[in-house]
Every structure is written in structure tokens, then in C-alpha cells.
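Counting from 45, one number per residue, gives the positions in the sequence shown under our numbering.
To start, the structure itself, in C-alpha cells.
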Amino acid sequence: MTANRTLSQNMASDNLILGTWIDTCEYGPEMRYTIGLQGSEIIITAVDTRDTEDEEGDVSNIHWDADKGRLYCCVHWGSTGFLTKCNFYLISSNQMDFTYTNTETILFVRKQPGDNIIPLNIHSMMGIWVNSCEYFADIEYHITLKNDITIVSMIDNYDGEQMEIYDTHWEKEILFLSTYTPSTGRFRKCQFQLLSPNQALLTHTYTETCMLIRERNELKTKKVHTMRYKVVLLIEHPSIDPAIITEQLGLLPFRHQRFGEPRMTPTGTPLAGLWKNSSWSCRLECDGKRAFFKNIDEFVTKLDTHRKFLSNLVLSGGSVYLGISFLGRNNIGDVLSWQSMEKMVKLKIDLGIEVFPDEREH
């Protein structure tokens, strides 16, 4: 199904976001989003291509934020009841940053059913629960009660991976928890609600970001003359307080952690253990043309005023990394050590980097 919403004149004039976009999942394209215009109205079609028969989602709540250059919508999938909140952001003529939040409700059943589990309360939730949804992984939840403390474990039966569980608590007779899957890095916020002695509903929400690319037969039809990239300064040290780095460099950190403090995710979800070192990172969003080293040179010139501080960090066991992140279809990266760069300086060798489009896609 499609939905529409009036666009700003700026978006209607450049039209770069219009077209058919597919995801870059390693297992092959699964989702297809077609964005079009009828007059000044935008029309979005969302299709799931995983099954033999493509499923078209019900698109609603389209909103174009002209200030942020972002397009938003919601998609409801009838076969599963899943609701997906979508956030599109154009990064080049043929690439789109796509952030989506899925809210899914799945029926779980008791692995060993029983008829004498009454009344329905917290104690009724104890046991082993398995999902009954064909679209969801073969997951087991083990829920036990020990000294009035609820203990939850979560296992993926496909590969035996055990998830990390955090923030387990009850609100009335609903069990809330957060899960972390190490193999995927995915965090979920979950809630269990008992329906009957042998059935429970699990509602979970997670957010992910991936890249959409323009469908092959539409490539090179639209051009942009600017490129976006990120410059990242990462400092790691055995024990320094990140606040000292912020004060010395006069830069606001993107992320930071301090040695010996409790581990947590960027969103504040607690993790097991303590940080084994300190780290501090600053990220600069750049928008420029082909000669991107100009921005790098300006940034390094600013850092040069803090040469003594940075040198002392390295001499005391730390490291300083300056990286450039380009947005592309495949991830590739490496580090040129300062020792190698020192050799190049002595030889008066300049370093150049070029990124070429994949001609196989044209």
C-alpha cells in the first residue's frame, strides 16, 4: 500500500530522494522502498521480497523534515503485525542511510504445558517459553524465581548463543527486560505478558541502521556534486579521565569511557563488568568536494597546538587515531601507523586516497 504527504519545495525541486531503493543485506535484497511524487505529494511503497509472494506494507504518517533533510514514515506489516518506523537520509545520489525501529509482538508458548497453573500471576510466568512465530528465530526464555528475584536467560537454539539480560523488573504482572545479542550487537527492550497458563505475549522493540542503494536500473540517473564523510579522532589510554581530554583539546566528545567505571551501551543500558581502559572520541561531520584532505589539514593544524599533551598521552601508554569514514556499499578499513608516516615524512612522500564507484553497478 502507499501513502502520501506534501513535500517542501526544496525536496520537490532536486528530487534526489525519489526512486526505488533496496537494502544491502548480505543475504540479498529483502526490502524495497519506492518513493515517488504526484504533484507536490509524496507516495511511498514498501515491499518485503523475502517470501515467494511479495508482501506490501501499509505506509502511514509520512513526514518530510526539510531542516534535517530526513524523510519519515511508518509501515505496518499485515502478515506479522509488526510496525516499522522508518527514517531515510540521502547521503549520495545512489546511497541512502536508513534507520528503522521495529516493534514486534510474538506469541510464546510454554515448553512443557500444564493445566494446573493458577492463578495467573508472577509465579505463573516461571518456566521455559518458546516462540510460535514462523518469522522469528527459535528462541527460548528461561524464567525462574530465586529468593524473590526473577532470573531470566535467553538462548538462540539455532546456534546455541546465549543473550545478555539486563534491567529485569515487574510492573504489576508484566515482566520487563532488555536483551543484548553479542553476535549482532542488537539491543531489544522486551515485555512479557501472560495470556493464559500456557501462552504469553512478548513485545520487543529494537533500532538498527543500514544502507539502501538505488535499484540497479536507476543508477547514474541523478548526480550530486558534494560528498559527505566523517573525521573521527579516537584517543585510548590505560587510565586517563576523559574529562581531562575534553578540557585540554576544547572539543566535545562523541563518546567516552573511563577506566574502572561500569560498562554500558551508548544509550545507557548497563553491561557486565568494568571498562578496562579509558577512551575518548570526537566525530566531525564533513560536507565537501573531491579534495577532502583540506578539512583534515585544518583539523590537524588545530591539534598541533596541543602537541605536548598528545605526545605525553602516547608516551604514557596511550594511542591517538585519526580516521576518515566514507559511506560506501562495503566496509573496509585499516590504520597507517605513525611509524610508517614518519618514514614517509623523511622521504617527503605525499599520501593520496581515492574512492571509486563500483563500475559493476553501472
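Heads up, the beta-carbon is just placed ideally off N, CA and C, and yes, glycines get one too.
Computed from a predicted structure; not experimentally measured.
Quick one: measure Cβ to Cβ for residue i and residue j, integer angstroms, because I've assumed they're closer than 8 Å.
i	j	result
S369	Y273	6 Å
P282	G361	5 Å
L328	V275	4 Å
I88	I61	About 10 Å separates the two Cβ atoms, so there is no contact after all.
G63	E259	7 Å
T68	C254	6 Å
Locate the alpha helix (DSSP H) running through residue i, then write down its first and last residues.
i	result
K212	One point to set straight first is that residue 212 is Thr, not Lys, in the sequence displayed. Segment E208 to E215 is the beta strand (DSSP E) holding T212; no alpha helix (DSSP H) there.
D67	Note, D67: premise wrong, no alpha helix (DSSP H); beta strand (DSSP E) at G63 to D67.
T290	P286 to L293
D341	F337 to D348
F353	R351 to L359
Taking the straight line between their C-alpha atoms, what separation do you get for residue i and residue j?
i	j	result
E291	S322	15 Å
W214	Y185	16 Å
M207	I289	35 Å
V358	V364	7 Å
L246	Q139	35 Å
W108	T349	42 Å
S52	M75	In this prediction, S52 has a pLDDT of 43, which is less than 50 and means its spatial position is unreliable; nothing more can be read from the coordinates.
K264	S137	The pLDDT assigned to K264 is 47, lower than 50, so where the model puts this residue is not dependable; a value taken from the coordinates is nonetheless given after this. Approximately 8 Å between the Cα atoms of the pair.
K387	I284	30 Å
T309	F126	26 Å
L295	C326	7 Å
I340	D203	44 Å
I86	D141	19 Å
V389	T128	51 Å
Q301	T313	14 Å
A110	V344	33 Å
M169	D192	13 Å
F337	E280	24 Å
V385	L151	First, the residue type needs correcting, since residue 385 is Met and not Val in the sequence shown. Answer to the nearest angstrom: the Cα atoms are 57 Å apart.
Over what stretch of residues does the beta strand (DSSP E) that includes residue i continue unbroken?
i	result
Q237	R230 to S240
T78	M75 to Q82
P306	P306 to M308
I397	Here I397 belongs to no beta strand (DSSP E), and DSSP marks it neither H nor E.
T223	I218 to T225
L60	From DSSP, L60 is part of no beta strand (DSSP E); its letter is neither H nor E.
L366	S363 to F370
Can you tell which of the options has the C-alpha that lies nearest to the C-alpha of residue i?
i	options	result
A244	T345, N201, D109 and W173	W173
G101	D92, W108 and K338	D92
E229	P241, K320 and Y250	Checking the displayed sequence, the identity of residue 229 turns out to be Gly instead of Glu. Closest by alpha carbon: Y250.
C130	K155, L256, I166 and I183	L256
Y133	F152, W65 and R94	W65
F303	T309, L318 and G294	L318
D200	R351, D211, L189 and I183	I183
G171	D111, K112, P241 and G113	P241
L293	L151, W324 and K320	W324
T143	I135, T149 and I150	I135
K155	I166, N146, H167 and I187	I187
Flag this pair as touching only if the region 111-126 and the region 227-237 have three or more C-beta atom pairs under 8 Å; answer yes or no.
-> Cβ pair count under 8 Å is below three, so no.
Could you say if the region 208-226 and the region 182-198 meet the contact criterion of at least three C-beta pairs nearer than 8 Å?
-> yes
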